[in-house]
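Asks: Residue numbers (the numbering used here): 42 to 221.
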């Protein structure tokens, strides 16, 4: 079952929720600068539009670069290592759309998770259109390290590395991301 949904009257943010706006994020009483999608925040998301979709999301899991010593310390999010063959499908015609795969060669469009830069040293996999992906609704909405302050993403939410580590350390099983 997909864990994302549109924000509504019955959804009340709690202290353990991270609230993300175009101005930044709030979590556990702290404020953080963050980067969002180059298309801003919108209720309707399509593949490749650069939009950060609005709504509540859960964290479905995490990935980290073991060769860079990036393993986070938390008991609430299950992390697995990013290996050289790890990719994420972003092709809505792929039967594995919006899922991670291990492949040296893949006939569909995808994103390599093992990058030369540090953006994906730590990745939180959001529940946006995952695990039950709807074709062309958007893929790979991650929470990860930013390139630099406020530099836009392709739809993900990005933080300074120390802030992301702090967020992970304070994440609880009841925490959600609210993008509005």
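Glycine residues also receive a C-beta, built at the ideal position from the N, C-alpha and C atoms. Remember, it's a predicted structure, so these values are computed and weren't measured experimentally.
(1) Are three or more beta carbon pairs between the stretch 157-172 and the stretch 60-68 nearer than 8 angstroms?
(2) Taking its Cβ as the centre, do 16 or more other Cβ atoms sit within 10 Å of residue 192, making it buried, or is it exposed?
(3) Please tell me whether, using a cut-off of 7 angstroms, the distance from the CB of residue 221 to the nearest non-hydrogen atom of the ligand NAP is below it.
(4) Residue 209 and residue 87 - do their beta-carbons sit closer together than 8 angstroms?
(5) Return yes when the Cβ of residue 214 is within less than 8 angstroms of the Cβ of residue 117, no when it is not.
(6) Can you tell me the Cα-Cα spacing of residue 113 and residue 105, whole angstroms?
(7) Thinking residue 58 and residue 217 are a contact (beta carbons under 8 angstroms), I'd like their distance in whole angstroms, please.
(8) Roughly how many angstroms separate the alpha carbons of residue 56 and residue 98, rounded to a whole number?
(9) Taking only the alpha-carbon atoms, compute the straight-line gap between residue 163 and residue 79 and give it to the nearest angstrom.
(10) CB-CB under 6 angstroms to residue 75, same chain, minus the five flanking residues each way: which ones, in chain order?
(11) Just grab the DSSP bridge partners of residue 171 for me.
(12) How is residue 64 classed by DSSP in three states: helix, strand or coil?
(13) For residue 185, which of helix, strand or coil comes out of DSSP?
(14) Is it right to say residue 158 is buried, meaning 16 or more other beta carbons lie within 10 angstroms of its own, or is it exposed?
Replies: This is what the structure gives:
(1) Flag = no, the stretch 157-172 and the stretch 60-68 do not touch.
(2) Position 151 of the chain shown, counted from the start, is the residue given in the question as residue 192. Answer is exposed; the Cβ neighbour count stays below 16.
(3) In terms of ligand content, the structure shown is empty, and the ligand NAP therefore cannot be addressed.
(4) Here residue 87 is taken as the residue at index 46 of the chain shown, counted from 1. Here residue 209 is taken as the residue at index 168 of the chain shown, counted from 1. No, the pair does not count as a contact, with Cβ atoms beyond the cut-off.
(5) Your numbering for residue 117 matches position 76 in the chain shown. Your numbering for residue 214 matches position 173 in the chain shown. Remark: C-beta atoms of residue 117 and residue 214 approach each other more closely than 8 angstroms.
(6) Translated into the one-based positions of the chain shown, residue 113 becomes position 72. Translated into the one-based positions of the chain shown, residue 105 becomes position 64. One Cα belongs to residue 113, the other to residue 105, and the distance between them is close to 8 angstroms.
(7) For the purposes of this step, residue 58 is taken as the residue at position 17 of the chain shown. For the purposes of this step, residue 217 is taken as the residue at position 176 of the chain shown. So it is a contact: roughly 5 angstroms between Cβ atoms.
(8) Taking the chain shown and counting its residues from 1, the one referred to as residue 56 is at position 15. Taking the chain shown and counting its residues from 1, the one referred to as residue 98 is at position 57. In this model, residue 56 and residue 98 are separated by some 15 angstroms (Cα to Cα).
(9) Indexing the chain shown from 1 puts residue 163 at position 122. Indexing the chain shown from 1 puts residue 79 at position 38. Residue 163 and residue 79: Cα-Cα distance of roughly 21 angstroms.
(10) Position 34 of the chain shown holds residue 75. Only 65, 66, 198 and 200 meet the Cβ criterion.
(11) Walking along the chain shown from the start, residue 171 turns up at place 130. Assignment of beta-bridge partners to residue 171 by DSSP yields no partner.
(12) For the purposes of this step, residue 64 is identified with residue 23 of the chain shown, where counting begins at 1. Residue state, collapsed to three classes: coil.
(13) Locating residue 185 in the chain shown gives position 144, counting from the first residue. Under the three-state reduction of DSSP output, residue 185 falls in the strand class.
(14) Within the chain shown, the letter at position 117 stands for residue 158. So residue 158 ends up on the exposed side.
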